[in-house]
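2 protein chains.
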Amino acid sequence: MGKYHGQATTVLRPRTTQQVSDIVKFCASRRIGIVPQCGNTGLVGGSISLQKEIVLSLGAMNSVRSFDPVSGVLAADAGCILESLSDYIARYNHIMPLDLGAKGSCQIGGNISTNAGGLRFLRYGSLHGTVLGLEVVLPDGTVLDQLSTLRKDNTGYDLKQLFIGAEGTLGVITGVSILTPPAPRASNNILLALPHFKNVLPLFQTVKRQLGEILSAFEYIDRTAYDMGLEHGLGPILNPDEVGDAQCFVLAETSGGNHDHDSEKLNNLLESLMSADEPLIYTGTLSQSPGQFASLWALREGLTECLQKEGKPYKYDLSVPLAEFQNVVDAVRARLISKGLYGDHGITKVMGYGHVGDGNLHLNAIAKHGYRPELEAALEPFIYELVASHKGSVSAEHGIGSMKTSALRYSKNDVSIEWMRKIKHVFDPLNIMNPGKVLPSV
Amino acid sequence: MGKYHGQATTVLRPRTTQQVSDIVKFCASRRIGIVPQCGNTGLVGGSISLQKEIVLSLGAMNSVRSFDPVSGVLAADAGCILESLSDYIARYNHIMPLDLGAKGSCQIGGNISTNAGGLRFLRYGSLHGTVLGLEVVLPDGTVLDQLSTLRKDNTGYDLKQLFIGAEGTLGVITGVSILTPPAPRASNNILLALPHFKNVLPLFQTVKRQLGEILSAFEYIDRTAYDMGLEHGLGPILNPDEVGDAQCFVLAETSGGNHDHDSEKLNNLLESLMSADEPLIYTGTLSQSPGQFASLWALREGLTECLQKEGKPYKYDLSVPLAEFQNVVDAVRARLISKGLYGDHGITKVMGYGHVGDGNLHLNAIAKHGYRPELEAALEPFIYELVASHKGSVSAEHGIGSMKTSALRYSKNDVSIEWMRKIKHVFDPLNIMNPGKVLPSV
Numbered sequence: 001m002g003k004y005h006g007q008a009t010t011v012l013r014p015r016t017t018q019q020v021s022d023i024v025k026f027c028a029s030r031r032i033g034i035v036p037q038c039g040n041t042g043l044v045g046g047s048i049s050l051q052k053e054i055v056l057s058l059g060a061m062n063s064v065r066s067f068d069p070v071s072g073v074l075a076a077d078a079g080c081i082l083e084s085l086s087d088y089i090a091r092y093n094h095i096m097p098l099d100l101g102a103k104g105s106c107q108i109g110g111n112i113s114t115n116a117g118g119l120r121f122l123r124y125g126s127l128h129g130t131v132l133g134l135e136v137v138l139p140d141g142t143v144l145d146q147l148s149t150l151r152k153d154n155t156g157y158d159l160k161q162l163f164i165g166a167e168g169t170l171g172v173i174t175g176v177s178i179l180t181p182p183a184p185r186a187s188n189n190i191l192l193a194l195p196h197f198k199n200v201l202p203l204f205q206t207v208k209r210q211l212g213e214i215l216s217a218f219e220y221i222d223r224t225a226y227d228m229g230l231e232h233g234l235g236p237i238l239n240p241d242e243v244g245d246a247q248c249f250v251l252a253e254t255s256g257g258n259h260d261h262d263s264e265k266l267n268n269l270l271e272s273l274m275s276a277d278e279p280l281i282y283t284g285t286l287s288q289s290p291g292q293f294a295s296l297w298a299l300r301e302g303l304t305e306c307l308q309k310e311g312k313p314y315k316y317d318l319s320v321p322l323a324e325f326q327n328v329v330d331a332v333r334a335r336l337i338s339k340g341l342y343g344d345h346g347i348t349k350v351m352g353y354g355h356v357g358d359g360n361l362h363l364n365a366i367a368k369h370g371y372r373p374e375l376e377a378a379l380e381p382f383i384y385e386l387v388a389s390h391k392g393s394v395s396a397e398h399g400i401g402s403m404k405t406s407a408l409r410y411s412k413n414d415v416s417i418e419w420m421r422k423i424k425h426v427f428d429p430l431n432i433m434n435p436g437k438v439l440p441s442v
Numbered sequence: 001m002g003k004y005h006g007q008a009t010t011v012l013r014p015r016t017t018q019q020v021s022d023i024v025k026f027c028a029s030r031r032i033g034i035v036p037q038c039g040n041t042g043l044v045g046g047s048i049s050l051q052k053e054i055v056l057s058l059g060a061m062n063s064v065r066s067f068d069p070v071s072g073v074l075a076a077d078a079g080c081i082l083e084s085l086s087d088y089i090a091r092y093n094h095i096m097p098l099d100l101g102a103k104g105s106c107q108i109g110g111n112i113s114t115n116a117g118g119l120r121f122l123r124y125g126s127l128h129g130t131v132l133g134l135e136v137v138l139p140d141g142t143v144l145d146q147l148s149t150l151r152k153d154n155t156g157y158d159l160k161q162l163f164i165g166a167e168g169t170l171g172v173i174t175g176v177s178i179l180t181p182p183a184p185r186a187s188n189n190i191l192l193a194l195p196h197f198k199n200v201l202p203l204f205q206t207v208k209r210q211l212g213e214i215l216s217a218f219e220y221i222d223r224t225a226y227d228m229g230l231e232h233g234l235g236p237i238l239n240p241d242e243v244g245d246a247q248c249f250v251l252a253e254t255s256g257g258n259h260d261h262d263s264e265k266l267n268n269l270l271e272s273l274m275s276a277d278e279p280l281i282y283t284g285t286l287s288q289s290p291g292q293f294a295s296l297w298a299l300r301e302g303l304t305e306c307l308q309k310e311g312k313p314y315k316y317d318l319s320v321p322l323a324e325f326q327n328v329v330d331a332v333r334a335r336l337i338s339k340g341l342y343g344d345h346g347i348t349k350v351m352g353y354g355h356v357g358d359g360n361l362h363l364n365a366i367a368k369h370g371y372r373p374e375l376e377a378a379l380e381p382f383i384y385e386l387v388a389s390h391k392g393s394v395s396a397e398h399g400i401g402s403m404k405t406s407a408l409r410y411s412k413n414d415v416s417i418e419w420m421r422k423i424k425h426v427f428d429p430l431n432i433m434n435p436g437k438v439l440p441s442v
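Keeping their order, the protein sequence lines are chains H and B.
Residue 1 is where the first sequence starts when you use UniProt numbering, and the numbers rise one by one after that.
Residue 1 is where the second sequence starts when you use UniProt numbering, and the numbers rise one by one after that.
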């Protein structure tokens with residue numbers, strides 16, 4: 001987004017955990033700040049050297065350490081690229097429990113440091129559940145070896161959990177072990193057009209009930225986002241006449257072990273949805289080929305790129321109750337209208353899409369002619385206060401980094417922030433580890 | 001097991017979080033030790049007052065706070081009995097993500113404090129993934145409110161994770177929010193007899209591949225345990241002629257959304273297993289009725305009770321690599337034989353059963369005529385050293401409590417234990433919160 005410019009004069013690329021430890025010890029002895037960096041694909045300025053701290057790149061630590069095809073446990077260096085790991089275990093018919101757009105360049109240590117969510121979260125859950133072990137170089141250079149490959153280990157405090165989502169402020173993750181699920185043998189998806197937003201929740205319940213354990217994604221796209229996608233060539237997939245004045249769309253995916261069983265479940269679902277007395281949907285389509293499967297996903301995944309083409313996007317990655325998804329988007333648009341900032345001269349589009357199944361809304365406001373302070377002032381802290389009023393999260397999956405430190409208090413109370421500071425101080429009393437990130441300066 | 005006798009003269013039963021906070025503040029001001037206690041069903045002496053600390057019972061805090069049937073998120077007081085919560089959400093077609101034998105008396109706050117595993121772990125994963133929020137009274141009486149009901153929230157350190165599995169040594173869990181999965185609409189199980197232990201791993205891979213997402217349990221029972229079960233009336237389920245000299249047994253369960261689909265998958269599995277050129281199994285049976293389903297599980301779940309009838313059991317709850325399950329059991333038996341302690345005068349039976357799918361072996365040695373120091377001396381630290389040599393865990397799911405503090409070092413290195421102590425000291429500098437548990441005394 002062109003928001004940050006790294007100031008580092010030095011980048012170090014260690015090849016071993018011992019080298020990381022030596023670097024950190026050296027920096028600690030001279031109070032030199034360190035910014036751990038993996039793929040540098042984060043969206044909140046978390047891996048940028050803002051005060052000339054050295055950059056500690058993990059990219060040269062990129063070996064798989066072990067993989068057990070029976071248990072599915074993978075151990076790897078932190079600098080392994082997510083897609084490389086996916087490819088590595090694909091030969092054993094396993095998949096990574098997380099997937100995201102940046103997979104071609106993001107690295108597993110960074111994924112874990114930011115507690116990445118992504119597209120498989122609904123099915124395979126949080127990294128707090130799938131990460132089995134970590135090797136971390138602490139801010140004094142000590143190596144904390146908790147690189148267990150055990151699924152169950154109740155021997156004392158689960159310290160590794162602290163580093164998942166700490167964005168490199170408590171130590172440098174150098175090695176990871178993670179549980180990988182068997183690859184599904186069949187994948188299908190459907191795209192549905194809904195007359196009203198209020199149908200989304202009953203639809204989600206129906207889909208969960210009918211598809212059960214094979215449901216692997218349930219993505220929401222509002223009308224503004226859908227139309228934008230169409231304008232940029234991502235469709236049409238559904239017949240425009242049948243779509244009519246549909247207010248929103250849902251993309252659901254299944255991943256299962258038997259193609260015939262899964263298709264039958266999906267066909268039954270679609271049939272029961274279409275033939276209901278008061279249908280929840282206007283229309284829908286079930287992908288019939290790998291090509292169609294890909295183009296349904298392309299609609300959803302292509303939205304980010306469309307945003308960039310439309311102008312400069314203000315991006316908000318929020319958790320709010322499912323029922324409030326559209327209200328939040330509408331409230332932001334209404335706010336901009338009331339401030340006279342909605343239109344070609346200000347924000348041209350406000351839209352929402354995201355992971356309904358996870359309660360995660362991506363809210364985007366497009367500034368056609370670029371970022372401007374008065375636009376930001378209209379959006380913030382308004383959006384953060386709105387999210388706080390719903391007890392939501394101002395950062396569902398992107399993290400805090402340097403961008404959102406001042407917004408932290410909208411999602412975390414004073415006691416929580418005070419205890420984060422205490423934890424930070426115990427691990428990093430010299431404040432050399434990714435300083436200025438996550439916690440607001442006092 | 002008759003191993004511990006509580007020494008408390010005072011039990012307090014607060015009804016609100018505020019009362020818990022007041023009690024803890026009072027105790028902190030006078031340095032009075034506190035043992036938080038939920039259902040008191042733990043197996044390692046973690047909720048016993050050993051030094052006349054007061055017992056802080058959460059049992060009177062037993063209300064459901066909220067349940068959202070769309071997202072499946074349940075919020076409840078820590079003192080809610082696990083089975084009551086299961087019953088409560090059953091009406092919304094949801095199930096708790098954990099299930100264990102003690103469900104009728106264990107309480108959710110204790111489950112989370114001990115990071116309980118149990119029978120649904122293979123399918124629904126660790127509490128570190130399913131617990132979304134906690135309300136905790138810290139050792140100075142401060143209420144740490146992280147009772148989020150959001151699935152995704154990447155705003156700073158995930159402090160609540162520290163209390164999952166801390167066994168009440170860092171604070172008192174008073175409220176929890178947890179993600180509950182939709183109830184499966186069909187459940188099936190099969191019991192298989194295997195000629196050799198070495199077939200278990202290829203069988204596990206085959207079953208995982210063929211059953212995929214509907215596999216919900218894969219339990220191992222060795223021949224000694226199976227025969228003991230039969231002697232105590234838990235069978236026979238399989239034809240003894242067909243079982244022959246089978247060395248071990250596997251109970252696999254499926255939970256899915258469509259009974260016909262699931263049965264077809266199971267039948268195909270059984271057929272392919274029976275008709276293979278070099279079959280992995282001697283024989284097997286697929287339950288044909290709810291009654292049969294229950295009796296297959298009764299064989300596995302009844303083993304614990306049989307142990308008690310046979311004598312005094314030395315129980316070890318271990319994580320070891322799947323391939324080592326039987327080696328570990330055999331090594332322990334061989335050790336006892338070599339020490340002349342195997343037989344009616346000492347240990348009569350050594351057996352293993354447990355959750356292959358989780359790498360969790362329950363190893364049991366029965367002392368027919370009761371516990372004796374020389375028996376314990378033959379078993380420990382031998383078993384702990386054996387587990388450590390396989391980089392396993394000396395407590396997979398039961399925790400450390402007061403029983404295993406001296407065994408902690410077999411599964412956690414010095415750096416890890418040192419950091420546990422630092423974390424303990426930050427939260428509980430006066431050492432009033434469940435003192436003497438988890439961490440070995442210095």
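Built from N, CA and C at the ideal position, the CB exists for glycine as well.
| Measuring CB to CB, does Leu147 of chain H end up less than 9 Å from Leu134 of chain H? | Start at 1 with the first residue of the first sequence, and residue 147 of chain H comes out as number 147. Start at 1 with the first residue of the first sequence, and residue 134 of chain H comes out as number 134. Yes, the Cβ-Cβ distance between Leu147 of chain H and Leu134 of chain H is below 9 Å.
| Do Gly175 of chain H and Arg65 of chain H have their C-beta atoms closer together than 9 Å? | By one-based count along the first sequence, residue 175 of chain H stands at place 175. By one-based count along the first sequence, residue 65 of chain H stands at place 65. Arg65 of chain H is positioned such that its CB atom lies closer than 9 Å to that of Gly175 of chain H.
| Comparing alpha-carbon positions, which option in B:Val442, B:Pro435 and B:Pro440 lies nearest Cys27 of chain B? | Walking along the second sequence from the start, residue 27 of chain B turns up at place 27. Scanning B:Val442, B:Pro435 and B:Pro440 for the CA closest to the CA of Cys27 of chain B turns up B:Pro435.
| Does DSSP put Arg65 of chain B in a helix, a strand or coil? | Working through the second sequence from its first residue, we reach residue 65 of chain B at position 65. In this structure, Arg65 of chain B counts as strand in the three-state DSSP scheme.
| Is it right to say Ala217 of chain B is buried, meaning 16 or more other beta carbons lie within 10 angstroms of its own, or is it exposed? | Here residue 217 of chain B is taken as the residue at index 217 of the second sequence, counted from 1. Burial call: buried.
| message | Taking 9 Å as the threshold (C-beta atoms), are Ala396 of chain H and Asp358 of chain H in contact? | response | Against the first sequence, residue 358 of chain H aligns to sequence position 358. Against the first sequence, residue 396 of chain H aligns to sequence position 396. The beta carbons of Asp358 of chain H and Ala396 of chain H sit closer together than 9 Å.
| query | Which one or two residues does DSSP pair with Gln288 of chain H in a beta bridge? | reply | Stepping through the first sequence from its first residue, residue 288 of chain H is reached at position 288. Per DSSP, none; premise fails for Gln288 of chain H.
| With a Cβ-Cβ cutoff of 9 Å, do Ala78 of chain H and Ile54 of chain H count as a contact? | By 1-based counting over the first sequence, the position of residue 78 of chain H is 78. By 1-based counting over the first sequence, the position of residue 54 of chain H is 54. No, the Cβ-Cβ distance between Ala78 of chain H and Ile54 of chain H is not below 9 Å.
| query | Thinking C-beta only, is Val350 of chain H closer than 9 Å to Arg333 of chain H? | reply | The residue given as residue 333 of chain H occupies position 333 in the first sequence. The residue given as residue 350 of chain H occupies position 350 in the first sequence. In contact: Arg333 of chain H and Val350 of chain H (Cβ atoms closer than 9 Å).
| field | chain H within 9 Å of Asn115 of chain B, Cβ atoms only | value | Counted from its first residue, the second sequence places residue 115 of chain B at position 115. Asn115 of chain B belongs to the set of residues whose beta carbon lies under 9 Å from a beta carbon in chain H.
| request: Could you check the C-alpha separation between Pro181 of chain B and Ser63 of chain B for me, to the nearest Å? | output: Numbered from its first residue, the second sequence carries residue 181 of chain B at position 181. Numbered from its first residue, the second sequence carries residue 63 of chain B at position 63. Linking Pro181 of chain B to Ser63 of chain B through their CA atoms gives a straight-line distance of about 20 Å.
| query | Is the Cβ-Cβ distance between Val356 of chain H and Val200 of chain H less than 9 Å? | reply | The count along the first sequence starts at 1 and reaches residue 356 of chain H at position 356. The count along the first sequence starts at 1 and reaches residue 200 of chain H at position 200. Taking 9 Å as the Cβ cut-off, Val356 of chain H and Val200 of chain H qualify as a contacting pair.
| query | Within this structure, are the beta carbons of Glu301 of chain H and Glu253 of chain H separated by less than 9 Å? | reply | Taking the first residue of the first sequence as position 1, residue 301 of chain H is located at position 301. Taking the first residue of the first sequence as position 1, residue 253 of chain H is located at position 253. Here Glu301 of chain H is not near Glu253 of chain H, since their CB atoms are 9 Å or more apart.
| request: Please report how far the alpha carbon of Leu439 of chain B lies from the alpha carbon of Gly235 of chain B, in whole angstroms. | output: Reading the second sequence from its first residue, position 439 is the one you call residue 439 of chain B. Reading the second sequence from its first residue, position 235 is the one you call residue 235 of chain B. Here the alpha carbons of Gly235 of chain B and Leu439 of chain B stand approximately 43 Å from one another.
| said: Let me make sure I understand the geometry here. Which of H:Leu361, H:Asp277, H:Gln288 and H:Thr155 has the alpha-carbon closest to that of Met420 of chain B? | reply: Here residue 420 of chain B refers to the residue found at position 420 when the second sequence is read from its first residue. Closest option to Met420 of chain B, Cα to Cα, is H:Thr155.
| message | With a threshold of 7 Å on Cβ separation, who are the neighbours of Pro202 of chain B within its own chain once the five nearest residues in sequence on each side are excluded? | response | Counting from one through the second sequence, the residue named residue 202 of chain B turns up at place 202. Around Pro202 of chain B: Leu280.
| field | Met403 of chain H to Ser47 of chain H span [Cα, whole Å] | value | As a working note, residue 403 of chain H is residue 403 in the first sequence. As a working note, residue 47 of chain H is residue 47 in the first sequence. Met403 of chain H and Ser47 of chain H: Cα-Cα distance of roughly 11 Å.
| query | Just curious, the alpha helix (DSSP H) that Ser338 of chain B is in, first and last residue? | reply | Reading the second sequence from its first residue, position 338 is the one you call residue 338 of chain B. For Ser338 of chain B, the uninterrupted alpha helix (DSSP H) run begins and ends at Phe325 to Ser338, by DSSP.
| Buried or exposed: which applies to Asn413 of chain B, given that a residue is buried once 16 or more other Cβ atoms fall within 10 Å of its Cβ? | Here residue 413 of chain B is taken as the residue at index 413 of the second sequence, counted from 1. Within 10 angstroms of the beta-carbon of Asn413 of chain B lie fewer than 16 other beta-carbons, which makes it exposed.
| query | Interface residues of chain H around His94 of chain B at Cβ under 9 Å? | reply | Within the second sequence, the letter at position 94 stands for residue 94 of chain B. Counting only Cβ-Cβ distances below 9 Å, His94 of chain B has no contacts in chain H at all, with the closest Cβ about 10 Å away.
| message | Please report the straight-line C-alpha distance between Leu12 of chain B and Val136 of chain B, rounded to a whole angstrom. | response | In the second sequence, the residue the question calls residue 12 of chain B occupies position 12. In the second sequence, the residue the question calls residue 136 of chain B occupies position 136. Whole-angstrom Cα-Cα distance: 17 Å.
| field | Which of helix, strand or coil DSSP assigns to Pro240 of chain H | value | Indexing the first sequence from 1 puts residue 240 of chain H at position 240. In the structure shown, Pro240 of chain H falls within a helical segment according to DSSP collapsed to helix, strand and coil.
| query | In terms of DSSP beta bridges, what is Ile190 of chain B paired with? | reply | Locating residue 190 of chain B in the second sequence gives position 190, where the first residue counts as 1. For Ile190 of chain B, which the question treats as bridged, DSSP gives the partners B:Ala252 and B:Leu286.
| field | Within 8 Å of chain H by C-beta, residues of the stretch 146–159 of chain B in sequence order | value | Those residues of the stretch 146–159 of chain B that come within reach of chain H (Cβ to Cβ, closer than 8 Å) are Gln146, Ser148, Thr149, Leu150, Arg151, Lys152, Asp153, Asn154, Thr155, Gly156, Tyr157, Asp158 and Leu159.
| field | Residue span of the beta strand (DSSP E) that contains Tyr316 of chain H, given as start and end | value | Along the first sequence, read from residue 1 onward, the residue named residue 316 of chain H stands at position 316. Start and end: Lys312 to Ser319.
| query | Mind checking Met1 of chain B: buried by the 16 CB within 10 Å criterion, or exposed? | reply | Counted from its first residue, the second sequence places residue 1 of chain B at position 1. Met1 of chain B counts as exposed, since fewer than 16 other beta carbons sit within 10 angstroms of its beta carbon.
| query | In terms of alpha-carbon separation, which member of H:Gly6, H:Leu43, H:Met61 and H:Ser49 lies closest to Thr17 of chain H? | reply | Taking the first sequence and counting its residues from 1, one reaches residue 17 of chain H at position 17. Relative to Thr17 of chain H, the option among H:Gly6, H:Leu43, H:Met61 and H:Ser49 whose CA is nearest is H:Met61.
| field | Range covered by the beta strand (DSSP E) that runs through Val131 of chain B | value | On the second sequence, position 131 is the one that residue 131 of chain B refers to. Val131 of chain B: member of the beta strand (DSSP E) spanning Val131 to Val137, first to last residue.
| said: Assuming Leu238 of chain B and Thr285 of chain B are in contact, meaning their beta carbons sit under 8 Å apart, how far apart are those beta carbons, in whole angstroms? | reply: Numbered from its first residue, the second sequence carries residue 238 of chain B at position 238. Numbered from its first residue, the second sequence carries residue 285 of chain B at position 285. 6 Å between Cβ atoms; contact.
| query | Any Cβ of chain H within less than 9 Å of the Cβ of Gly168 of chain B? | reply | Indexing the second sequence from 1 puts residue 168 of chain B at position 168. It does not: the Cβ of Gly168 of chain B has no partner Cβ on chain H nearer than 9 Å.
| message | Going by C-alpha to C-alpha distance, which of H:Met228, H:Leu375 and H:Val329 sits closest to His362 of chain H? | response | The sequence position of residue 362 of chain H within the first sequence is 362, counting from 1. The shortest Cα separation from His362 of chain H among H:Met228, H:Leu375 and H:Val329 belongs to H:Val329.
| Looking only at C-alpha atoms, which of H:Thr41, H:Phe325, H:Leu194 and H:Gln51 sits nearest to His248 of chain H? | Locating residue 248 of chain H in the first sequence gives position 248, counting from the first residue. In the sequence as displayed, the identity of residue 248 of chain H is Cys instead of His. If we check each option's Cα against that of Cys248 of chain H, H:Leu194 comes out closest.
| message | Quick check on Glu278 of chain H - is its C-beta less than 9 Å from some C-beta in chain B? | response | What you label residue 278 of chain H is simply residue 278 of the first sequence in a count that begins at 1. For Glu278 of chain H, the answer is no, since every Cβ of chain B falls outside 9 Å of its Cβ.
| query | the stretch 203–220 of chain H: which residues have C-beta closer than 8 Å to a C-beta of chain B, in chain order? | reply | Answer in chain order: Phe204, Gln205, Lys208, Arg209, Gln210, Leu211, Gly212, Glu213 and Ile214.
| field | Within chain H, partners of Ala102 of chain B - CB distance below 9 Å | value | On the second sequence, residue 102 of chain B is found 102 positions in, with the first residue counted as 1. Scanning chain H for C-beta atoms nearer than 9 Å to the C-beta of Ala102 of chain B yields nothing, as the closest lies near 15 Å away.
| said: Cβ closer than 8 Å: which chain H residues qualify as neighbours of Leu144 of chain B? | reply: As a working note, residue 144 of chain B is residue 144 in the second sequence. Simply Val415, Ser416 and Trp419.
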